[in-house]
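> Just passing along the structure, written as structure tokens.
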Amino acid sequence: MTHEVRAVVALEKGAPVSVETVLVPDPGPGEALVQVQACGVCHTDLHYREGGISDEFPFLLGHEAAGVVEAVGEGVTDVAPGDFVVLNWRAVCGTCRACRKGEPWYCFATHNATQPMTLADGTPLSAALGIGAFAEKTLVAAGQCTKVDPTAPATAAGLLGCGVMAGFGAAVNTGGVGRGDSVAVIGCGGVGMAAVAGAKVAGASRIIAVDVDERKLKWAEQFGATDTVDSSRTDAVEAIRNLTGGFGADVVVDAVGRPETFKQAFYARDLAGTAVLVGVPTPGLTLHLPLLDVFGRGGALKSSWYGDCLPSRDFPALIDLYLQGRFDLGGFVSEVITLDEVEEAFARMHHGEVLRSVVAL
Numbered sequence: 001m002t003h004e005v006r007a008v009v010a011l012e013k014g015a016p017v018s019v020e021t022v023l024v025p026d027p028g029p030g031e032a033l034v035q036v037q038a039c040g041v042c043h044t045d046l047h048y049r050e051g052g053i054s055d056e057f058p059f060l061l062g063h064e065a066a067g068v069v070e071a072v073g074e075g076v077t078d079v080a081p082g083d084f085v086v087l088n089w090r091a092v093c094g095t096c097r098a099c100r101k102g103e104p105w106y107c108f109a110t111h112n113a114t115q116p117m118t119l120a121d122g123t124p125l126s127a128a129l130g131i132g133a134f135a136e137k138t139l140v141a142a143g144q145c146t147k148v149d150p151t152a153p154a155t156a157a158g159l160l161g162c163g164v165m166a167g168f169g170a171a172v173n174t175g176g177v178g179r180g181d182s183v184a185v186i187g188c189g190g191v192g193m194a195a196v197a198g199a200k201v202a203g204a205s206r207i208i209a210v211d212v213d214e215r216k217l218k219w220a221e222q223f224g225a226t227d228t229v230d231s232s233r234t235d236a237v238e239a240i241r242n243l244t245g246g247f248g249a250d251v252v253v254d255a256v257g258r259p260e261t262f263k264q265a266f267y268a269r270d271l272a273g274t275a276v277l278v279g280v281p282t283p284g285l286t287l288h289l290p291l292l293d294v295f296g297r298g299g300a301l302k303s304s305w306y307g308d309c310l311p312s313r314d315f316p317a318l319i320d321l322y323l324q325g326r327f328d329l330g331g332f333v334s335e336v337i338t339l340d341e342v343e344e345a346f347a348r349m350h351h352g353e354v355l356r357s358v359v360a361l
């Protein structure tokens, strides 16, 4: 059986997205059909539309999603019809060298559904991050479905599928923020804001938010920042050092992903501190650091893949923290919109007017 659904598609590079009829097949072996309830509007979707990820147009956009499993294919045992799930884009294989070492968050063989979703004329679609959830229904690998507490609203829960988990995990999983640590976060978009929130949950004593937008710095205070630095007016490295007794922060998260901001992270950390890169660099950027400084300062320089998360472990735990009132996941939802409003939401996101617009279906 094939399901006809409305979905947001980027038909060609740089063109406005459109709502199209999309055909979604029944799940085959190892696959799950999910009725999408909500999906966040992420910068990655805009990058797809602009051709910044690949040129495999047309794209079925959307990937920060939550919904209910409608059907599963042969061999699927971890989820069943009726389960409320958050979708993830790194379904681990369980057998690669990283998985065998007990580090599945580094899985080198993550997978997606094998059957394509198509336009009404049969043109295959490339699903954003292997999900494609700006749609009434989507087809994914069953391993991309993580069961969570169904009392959580889908509009909040779905945000764990990408940006919030990436930022939270960059601080907690990759950076290893613990009680009493000092933390600085450079770049306070959705990912950086989640790093601020993660540092608060982990018990950091000082959380310094750095950005050039005063509005975002005000938002960061709501998520737990104890101090803010407007780096358009103040040298960020000097300010972070001044706020940490002259030493620098124990953990500095770069949620921007540019050579300039990573250098700030490198020099703003304490000796033997940790710098974490979670902002995704654009192709062609090059980092230049004196090798003697890298040697002499010690510590760790880390990149964070998806917040080094394991969805089966982290998604339910963060939903529990949210339901307990300890993690303001709902605070990331700036507005709830329809499928027809995604293009306008891209513009608001690009101008920094929202943390997350969320499509409700």
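Heads up, the sequence shown is in the UniProt record's numbering, so the first residue is 1 and it goes up one at a time. Glycine included, C-beta positions come from ideal geometry on N, C-alpha and C. Keep in mind that this is a model prediction, so the values were computed, not measured.
1. Pull up the distance between the alpha-carbon of Lys200 and that of Val185, whole angstroms please.
2. Taking DSSP as the reference, what is the three-state secondary structure of Glu74?
3. Around the C-beta of Leu287, are 16 or more other C-beta atoms found within 10 angstroms, so that it is buried, or is it exposed?
4. Whole angstroms are fine: how far does the CA of Gly224 sit from the CA of Ala202?
5. Inspect the beta-carbon positions of Asp340 and Val19 and report whether they are closer than 9 Å.
6. Give the straight-line distance between the Cα atoms of Cys145 and Ala120, rounded to the nearest whole angstrom.
7. Note down the Cα distance separating Ser126 from Val41, rounded to an integer number of angstroms.
8. Between the alpha carbons of Pro104 and Gly325, how many angstroms are there, rounded?
9. Give the DSSP-derived three-state secondary structure of Phe84 in the structure shown.
10. Assuming Gly248 contacts Arg241 under a Cβ cut-off of 8 Å, what Cβ separation, rounded to an integer in Å, is found between them?
11. Using CA coordinates, which residue listed in Gln222, Leu87, Arg269, Gly187 is at the minimum distance from Leu310?
12. Where DSSP assigns a beta bridge to Asp254, which residues make up the other side?
13. Would the beta-carbon of Ala170 fall within 9 Å of that of Gly190?
14. Please look up how many angstroms separate the CB atoms of Val9 and Pro81, rounded, as I've assumed it's under 8 Å.
15. Could you check where the beta strand (DSSP E) with Leu217 kicks off and where it finishes?
16. In whole angstroms, what is the alpha-carbon distance linking Val36 and Ile131?
17. Measure how close the beta-carbons of Ala142 and Gly67 come, nearest whole angstrom, since I'm counting them as under 8 Å.
18. Which residue from Asp227, Ala71, Glu260 puts its Cα closest to that of Thr244?
19. Considering only C-alpha positions, which residue in the set Leu23, Thr2, Ala32 is nearest to Lys147?
20. Could you compute how far the alpha carbon of Ala220 sits from the alpha carbon of Ala209?
21. When DSSP labels each residue in this structure, what does Pro124 get in the three-state scheme?
22. Look at the alpha carbon of Ala98 and the alpha carbon of Tyr106, and state the distance between them as a whole number of angstroms.
23. How many Å lie between Leu250 and Ala166 at the Cα?
24. Return yes when the Cβ of Ala128 is within less than 9 Å of the Cβ of His63, no when it is not.
25. So what does DSSP say about Ala65, is it helix, strand or coil?
26. Using the DSSP secondary-structure output, state which residues sit across from Arg356 in a beta bridge.
27. Output needed for Ser205: all residues of its chain with C-beta closer than 6 Å, excluding positions within five of it in sequence on either side, in chain order.
28. According to DSSP, is Gly161 part of a helix, a strand, or is it coil?
29. If we ignore side chains and look at the alpha-carbon of each, how far apart do Thr234 and Gln264 end up?
30. Considering only their Cβ atoms, is the gap separating Gly14 from Glu74 smaller than 9 Å?
31. Excluding the 5 residues preceding and the 5 following Leu163 in the sequence, name in chain order all residues of the same chain whose CB lies nearer than 6 Å to its CB.
32. Let's see if you can read the secondary structure: which residues bound the alpha helix (DSSP H) around Ile240?
Per the coordinate set shown:
1. Those two C-alpha atoms are separated by around 12 Å.
2. Coil at Glu74, not helix or strand.
3. Under this definition Leu287 is an exposed residue.
4. Linking Ala202 to Gly224 through their CA atoms gives a straight-line distance of about 11 Å.
5. The Cβ atoms of Asp340 and Val19 sit closer than 9 Å to each other.
6. Approximately 26 Å, taken between the alpha carbons.
7. Taking the straight line from one Cα to the other gives about 17 Å.
8. If you draw a straight line from the Cα of Pro104 to the Cα of Gly325, it comes to about 29 Å.
9. If DSSP states are grouped into helix, strand and coil, Phe84 belongs with the strands.
10. Confirmed, about 5 Å.
11. The candidate whose alpha carbon is nearest that of Leu310 is Leu87.
12. Within the DSSP secondary-structure output, Asp254 pairs in a beta bridge with Ile186, Leu277.
13. No, these two residues do not count as a Cβ contact at 9 Å.
14. No, Val9 and Pro81 are not in contact; Cβ-Cβ is about 27 Å, not under 8 Å.
15. Note, Leu217: premise wrong, no beta strand (DSSP E); alpha helix (DSSP H) at 214-222.
16. Taking the straight line from one Cα to the other gives about 11 Å.
17. In this structure, Ala142 and Gly67 do not form a Cβ contact; the two beta carbons are roughly 14 Å apart against a cut-off of 8 Å.
18. Comparing alpha carbon positions, the residue from Asp227, Ala71, Glu260 closest to Thr244 is Asp227.
19. The closest CA to that of Lys147, considering only Leu23, Thr2, Ala32, is found on Ala32.
20. C-alpha separation (whole angstroms): 7 Å.
21. When DSSP states are grouped into helix, strand and coil, Pro124 belongs to the strand group.
22. Their backbone Cα atoms lie some 6 Å apart in a straight line.
23. Residue 250 is actually Asp in this sequence, not Leu. Going by the C-alpha atoms only, they are around 19 Å apart.
24. A contact, by the Cβ cut-off of 9 Å.
25. DSSP, reduced to helix, strand and coil, places Ala65 within a strand of the structure shown.
26. Paired residue(s): Val333.
27. Counting only residues of its own chain and dropping the five nearest sequence neighbours on each side, Ser205 has a CB closer than 6 Å to the CB of Gly180.
28. Correct three-state label for Gly161: helix.
29. About 12 Å.
30. In this structure, Glu74 sits away from Gly14, with a CB-CB distance that is not shorter than 9 Å.
31. Strictly speaking, residue 163 in this sequence is Gly, with Leu absent from that position. The beta carbon of Gly163 lies closer than 6 Å to those of Cys42, Gly190, Val191 in the same chain, with the five residues before and after it left out.
32. Ile240 -> alpha helix (DSSP H) spans 236-243.
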